[in-house]
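Residue numbers (this note's numbering), protein chains in the order written: chain A, 500 to 615; chain B, 734 to 849.
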Amino acid sequence: DTAVSQTPKYLVTQMGNDKSIKCEQNLGHDTMYWYKQDSKKFLKIMFSYNNKELIINETVPNRFSPKSPDKAHLNLHINSLELGDSAVYFCASSTRPGTGMHNEQFFGPGTRLTVL
Amino acid sequence: AQSVTQLDSQVPVFEEAPVELRCNYSSSVSVYLFWYVQYPNQGLQLLLKYLSGSTLVKSINGFEAEFNKSQTSFHLRKPSVHISDTAEYFCAVSDFRSGGYQKVTFGTGTKLQVIP
């Protein structure tokens with residue numbers, strides 16, 4: 500199936516731990532994103548990468564470090580987890596604007612992170 | 734800077750009744766406009782989009798939205814809702830940054846509750 504996939508789907512961990520969420524897309528897109536959706540469903544962009552290069556970094560604590568080994572993958576590593584990090588994290592991908600495509604973002608199913 | 738306002742956090746409506754979900758945006762440059770739908774425990778899916786051309790855009794499942802530049806609005810409508818339309822709906826706006834990259838800003842979402 501062509502899609503954006505994320506692992507794990509659920510992640511429960513203790514405060515202070517370090518965890519990673521993986522994202523992969525097989526849509527041939529060159530731009531990928533991480534979003535955080537809080538308990539009130541508010542969706543906020545965290546990072547955007549284009550061809551492994553960081554292009555958007557939205558006032559995210561430096562405990563969050565994205566890593567893009569290639570343009571099909573964008574992983575999110577979180578150090579020293581805090582209670583406020585509990586949320587659903589969505590990965591998304593799109594083509595780069597100006598390529599003649601419609602710039603729709605395709606979302607993964609989300610990773611529900613619970614910090615205890 | 735761009736922003737999106739969805740004034741209604743929840744909209745209850747009886748099955749087969751019409752519905753309108755409101756969206757207003759602000760931006761200093763030309764934008765693209767989107768409506769995404771999020772079903773329970775899933776990622777977001779594109780419902781419809783306005784890029785250019787006709788200001789009235791339609792989805793395959795009966796939703797439509799009209800871009801109104803003077804009122805900076807992109808309200809979503811459906812003449813007759815079904816139970817299966819129960820979901821969270823997000824309005825989004827994107828513009829282009831230097832280098833041709835886009836940033837998408839999402840509204841806070843409107844939960845459509847269809848009552849049998």
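Idealized CB from N, CA, C, for every residue including glycine.
(request) Closer than 7 Å, Cβ to Cβ, to anything on chain A: give me those residues from the segment 753–772 of chain B, in chain order. (result) So the list reads 765, given in the order they occur along the chain.
(request) Note down, in chain order, every chain A residue with its Cβ under 8 Å from the Cβ of residue 821(B). (result) Position 88 of the second sequence, counting from 1, holds the residue named residue 821(B). In chain order: 540.
(request) Provide the residue span of the beta strand (DSSP E) that contains residue 590(A), from first to last. (result) By one-based count along the first sequence, residue 590(A) stands at place 91. Residues 586–593.
(message) So residue 607(A) contacts chain B; which residues on that side make the cut at Cβ distance below 9 Å?
(response) Residue 607(A) sits at position 108 when you count from the first residue of the first sequence. 776, listed in chain order.
(message) Considering only DSSP beta bridges, list what residue 778(B) is partnered with.
(response) Taking the second sequence and counting its residues from 1, the one referred to as residue 778(B) is at position 45. Paired residues: 770(B).
(request) Express the C-alpha separation of residue 742(B) and residue 814(B) in angstroms, rounding to a whole number. (result) Position 81 of the second sequence, counted from the first residue, corresponds to residue 814(B). Position 9 of the second sequence, counted from the first residue, corresponds to residue 742(B). Between residue 814(B) and residue 742(B), the C-alpha separation is close to 18 Å.
(request) Would you check if there are 3 or more beta carbon pairs closer than 8 Å linking the segment 764–780 of chain B to the segment 546–566 of chain A? (result) No, because fewer than three Cβ pairs between the segment 764–780 of chain B and the segment 546–566 of chain A fall closer than 8 Å, the two stretches do not touch.
(request) Could you list the residues in the segment 509–533 of chain A with a C-beta less than 7 Å from some C-beta on chain B, going in chain order? (result) Per Cβ criterion, the list is empty.
(message) I want to see whether chain A comes within less than 8 Å of residue 839(B), judged by CB atoms only; does it?
(response) Here residue 839(B) is taken as the residue at index 106 of the second sequence, counted from 1. Yes - at least one Cβ of chain A is within 8 Å of the one on residue 839(B).
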